[in-house]
Each structure stands twice: as C-alpha cells, then as structure tokens.
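All residue numbers for the sequence shown refer to this note's numbering, where the first residue is 1 and numbers rise by one.
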Amino acid sequence: MYGKKPEIVVYAHPNGALDVAWIDNDKDQIVLSHVTRDGDEYRAAWHLELETLNYLGGFARDEDNSIYYLTAVAEDLQHEMEPSGVQREDIIQLFKLTAGGELEYRIDLRTDATNADATPIYDPMTAGTGRLAVGDGRVMTTFSQHGEYDEGVSGRHQWQIYIPVDAATGELGGRLRAPSHSFDQRVFYDGQDFVGMALGDASLRGVGLAKLSDGDHKVAFAIKGGDSETGGGYNNTFTRLGNVQPGEEGYVAVFSTENDATSTGDRVIASRNLAFVHVVEDFETIDSDEKYDVQIVDTGEGNDHATTLDVQILDYWGEAFDGNNRGLVWLTDYTDRENEHVERPKVVRIAEDAYAVVWEKWTLKEYVTTEAVLVDEYGNVQTEKADLGPARLNRGDDLVRLGDRAAWVVGEADAPQLVLYTLDEQLELARHEIK
1 MYGKKPEIVV
11 YAHPNGALDV
21 AWIDNDKDQI
31 VLSHVTRDGD
41 EYRAAWHLEL
51 ETLNYLGGFA
61 RDEDNSIYYL
71 TAVAEDLQHE
81 MEPSGVQRED
91 IIQLFKLTAG
101 GELEYRIDLR
111 TDATNADATP
121 IYDPMTAGTG
131 RLAVGDGRVM
141 TTFSQHGEYD
151 EGVSGRHQWQ
161 IYIPVDAATG
171 ELGGRLRAPS
181 HSFDQRVFYD
191 GQDFVGMALG
201 DASLRGVGLA
211 KLSDGDHKVA
221 FAIKGGDSET
231 GGGYNNTFTR
241 LGNVQPGEEG
251 YVAVFSTEND
261 ATSTGDRVIA
271 SRNLAFVHVV
281 EDFETIDSDE
291 KYDVQIVDTG
301 EGNDHATTLD
311 VQILDYWGEA
321 FDGNNRGLVW
331 LTDYTDRENE
341 HVERPKVVRI
351 AEDAYAVVWE
361 KWTLKEYVTT
371 EAVLVDEYGN
381 VQTEKADLGP
391 ARLNRGDDLV
401 RLGDRAAWVV
411 GEADAPQLVL
421 YTLDEQLELA
431 RHEIK
C-alpha cells in the first residue's frame, strides 16, 4: 500500500545514452553510472560515487546536462516526542553538479522559506517515496514526511510536501500543499508546469492530481471506505499508485485497485485490476460541487469501454461522501482474489499515440510474472496484453522512454550487475546486461 524509496532512477539522453542513479545498499552509497550503447550491448562508460546521507530520493538532468539529485537521512521518529519545532541540517538535501560532476551547490531542504512557523521535516520518505523534476529553471521536489508529535495518537502524522527550488541559485521556495496522509507520490514537468500525483487515504481519499502552479489536488479516482470498519482501517486504500504521462489532449494515468465497491471486512476484498484514466488538459480549472464527484476525467470521450464505479466514503473526521468515479478503463479482468493482483503498475509514452503499460502480476503473497499492454491516449488497446516473464519491476522506480521503446533498469544482487530491459510497440522484450 505504501510507496517505496527510489532504488534506481534512469535518465535517457536524446543520443540513446542512459544515466542510472542507483543506491548501493551495502554502503548507503548513491552511484551514478553513465551507460552507452555499443552495437547490441550496453556498457557503463563511467561510475561516479555521489555524496550520500542514506537514501536516494530522486535524480534528473536539465537541458544543460547539469545533474540534480536528492538524498535523505534514515531516521525513525514516529513515536518520539523530540525533536520538535526545529529546522535541522543534514536531513534531506538537494545537490546540483555540473555536467562533468563538479559540485555547484548542496542545500538543506527546509519548510520555512516563506513561513517561519511551518512544520519542519521529520522522517523524509516515511510510508511513501521521493521524486524530483526539473524544468524552466526550477527544481520541484516532493516526498512524504512526518509532522510534529501528536499526544492524541501517541505519534506523528504522515503527509506529503512539495518544495520548489531555483535551479540556478538553489534558493528555496515556499512549501506547497499536498494530501495528508499521502502514501505514494509522483511529479514531472510537462513543458509548462509541474504536475504532481498522490495516493491519499484521508484528505483526500483517492488518487489526486495537481498542477503545482495552482497547488490544489483534484480527485481523479475516489477510493472506497475510510471508516473504522474498512478492512485494514483508514490506511488501507485498496490501491497501488502508478504514474501519469502527458498526452496531446491531456494526461494519461494508471493505477491498480479493486473494481468492487465493498470496503468492509478483509483488507483485500477482490482482485486488484489495472485501471486507466484520461485527464483533461486544464483539469486545474475544474471544480466540483461535491468533493468526490470526479469531473477531471474524460476517458469516455475517446473510449467506448470507459465505465463508472460509485463508492461510499467516510473520512477521518466522520463526514460521509458519495464517490462518483467516471472514465475507468479496466486493462485487466482478474477475478481470482487469492492468485491475481496487479502490482507495480507503470506507464510511459513511447510514440505519438502509444503508451506502454507494464505491471507485475502477483498472488496475495508471491510474484507470478510481468505483463504489458500497449494503448493509445484514451486507453484503447493497440497491442494485446503480453506475458513478459520474470522481467522484474522495482516498486519505487519509473519507466523511461528510450527512443521508441519503454525502458527500465533493475539490479541483480547475485551477479551483481545492472540489467536494462527495453520494450517496443509490439511488446517484444529485450534484456541487456550492462557490462
């Protein structure tokens, strides 16, 4: 249910080279590997060990090939009363390096740039993940964290924050609003704005999208339950967050969830299936009279298979809502609760109107295989579902576009080695051991 800290973040250069930022868990060391193609093989041209706190929180390059990465400390303060009310150093830091790897700046992320009373950062990436994106002279960071200690619950509440940074100077902007609780997070630059995506369990309860110049998250999918009778309690969202990609007429988003309105009883009610929605381009301008009446999704404009799912929501504060989901296209039809679930759903645009959607199929307890389908911007299937075999996906990492293919990198500890997978429009998979 919770997101996972990034392990391997890939940046694809226009010339077909790759940068792979990965965490060496044996040493809590971030390594940057530059990978180039040599005929049919991929080789590491160089490796650079990067200054690291403990965790990798995100990686990107800008149009000048400057390097940006986020690193965070490992701490567990959920049930600790102290520290309190203090902005601390060496908790989560943003680095900028030149294209050649020389340090330009190293800054501590803080929340008090525009509000001296803002809650500081505790436990970065707790019960969630981290991401950063670069565009238009700005860096946008996002991650989960804990707040101050609350005696009422004998612990700290979790939420998500966004912190913008001036890419040239490292000057911090003010913290931007995000859901609380938020159990998984995404952000990317669409050429004009930063777009955020979050999985919330209470405020909001659902999959939310935001254009960060506006700041408010709009509901793209309302999640059932939330009351004390929900299987697993408030924190159970029955959902796995995928990601969002830009299209010609809006945005494409995927996630997995239960196509069943029942929320009471077990933590798992039905199989988690792969859901696809198309979101209108100007979704930030759309308001709804009802909080969970989904208005930003228009998949039905381009796909006759789009359906609805009405759910009941009782939020953390006891307020009841009707959740009206629209424009859902189900790309799987799993029915076996014990043996069929979509995990780690991911999507990447690989051509003008072609999106590769990749996921892992699991039982309740074990990995089974990896599957994929190719769809257009409105979720119409272009290449039927394919079984990719044991081509694993890291839970906390994203796909990238490499030419006209989807690509991702995993680590194999037994070798040890990095392995690049590429997937074309015919869903033909290629495996490359990075030499």
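Note that CB positions come from ideal geometry on N, CA and C, so glycine has one too. Computed from a prediction, not measured in an experiment: that's the story for all the values here.
- Within its own chain, the residues whose Cβ lies closer than 7 angstroms to the Cβ of E41, once the five positions on either side in sequence are excluded, are H432 and K435, listed in chain order.
- Secondary structure note for M81: it is in no beta strand (DSSP E), with a DSSP letter that is neither H nor E.
- Counting only runs of 3 or more residues that sit fully inside the region 133–197, the beta strand (DSSP E) segments are 138–150, 155–166 and 180–189, in chain order.
- L48 and E63 have their C-alpha atoms some 20 angstroms from each other.
- Cβ-Cβ distances below 7 angstroms link S182 to G128, S144, W159, Q160, A198, L199 and G200 in the same chain, with the five nearest sequence neighbours on each side left out; the list follows chain order.
- Around the beta carbon of P179, a 10 Å sphere encloses 16 or more other beta carbons of the protein chains shown; the residue is thus reported as buried.
- Residue state for E290 is assigned as coil, using DSSP reduced to three classes.
- Within its own chain, the residues whose Cβ lies closer than 6 angstroms to the Cβ of G231, once the five positions on either side in sequence are excluded, are G265, D266 and R267, listed in chain order.
- Closest option to L204, judged by alpha-carbon separation, among R405, L423 and E290: E290.
- Under the three-state reduction of DSSP output, G389 falls in the strand class.
- By the criterion of a C-beta distance shorter than 6 angstroms, L241 is surrounded in its chain by D184, L199 and F255, once the five residues flanking it on both sides are discounted.
- Distances from the CA of K385 to each of V400, Y378 and V357 were compared; the closest alpha carbon is that of V357.
- T129 sits in coil when the DSSP states are folded into three classes, being neither helix nor strand.
- When the five nearest sequence neighbours on each side are left out, the beta carbons in the same chain lying within less than 8 angstroms of the beta carbon of A261 are those of K224, L309, D310, V311 and Q312, in order along the chain.
- Ranking I67, R401 and Q87 by CA distance to the CA of I350 puts R401 first.
- With a 10 Å radius around the Cβ and a threshold of 16 neighbouring Cβ atoms, W46 comes out exposed.
- Per DSSP, E428 is not a residue of any beta strand (DSSP E), being assigned neither H nor E.
- Just so you know, the alpha carbons of T369 and R344 end up roughly 12 angstroms apart.
- Y367 and A168 have their C-alpha atoms spaced approximately 44 angstroms apart.
- Listed in chain order, the non-local C-beta contacts of D424 below 6 angstroms within the same chain comprise R405, local neighbours out to five positions each way being set aside.
- Rounded to whole angstroms, the gap between the alpha carbons of D166 and D108 is 13 angstroms.
- The bridge partners DSSP lists for R37 are Y42.
- Nearest to G147 by C-alpha distance, out of I163, N54 and T126, is T126.
- Between the C-alpha atoms of T142 and T71 there is a straight-line separation of about 12 angstroms.
- In the structure shown, G101 falls within a coil segment according to DSSP collapsed to helix, strand and coil.
- Here the C-alpha atom of E352 lies approximately 13 angstroms from the C-alpha atom of G250.
- Distance check between L32 and each of D26, W22, G39 and D38 places W22 closest, using alpha-carbon atoms only.
- With a cutoff of 7 angstroms on beta-carbon distance, V342 and A220 are scored as not near each other.
- Taking 7 angstroms as the cut-off, the beta carbon of R156 is found closer than this to the beta carbon of Y149.
- Around the beta carbon of R186, a 10 Å sphere encloses 16 or more other beta carbons of the protein chains shown; the residue is thus reported as buried.
- Ranked by Cα distance from V252, the first of D123, D24, G379 and A391 is G379.
- Taking all protein chains shown into account, W408 has 16 or more neighbouring C-beta atoms within 10 Å of its C-beta and is therefore buried.
- Distance from N325 to V294 at the Cβ level is roughly 5 angstroms; contact confirmed, criterion being Cβ atoms closer than 8 angstroms.
- Judged by DSSP secondary structure, S256 falls within the beta strand (DSSP E) whose first and last residues are G250 to E258.
- Bounds of any beta strand (DSSP E) do not take in R110, whose DSSP letter is neither H nor E.
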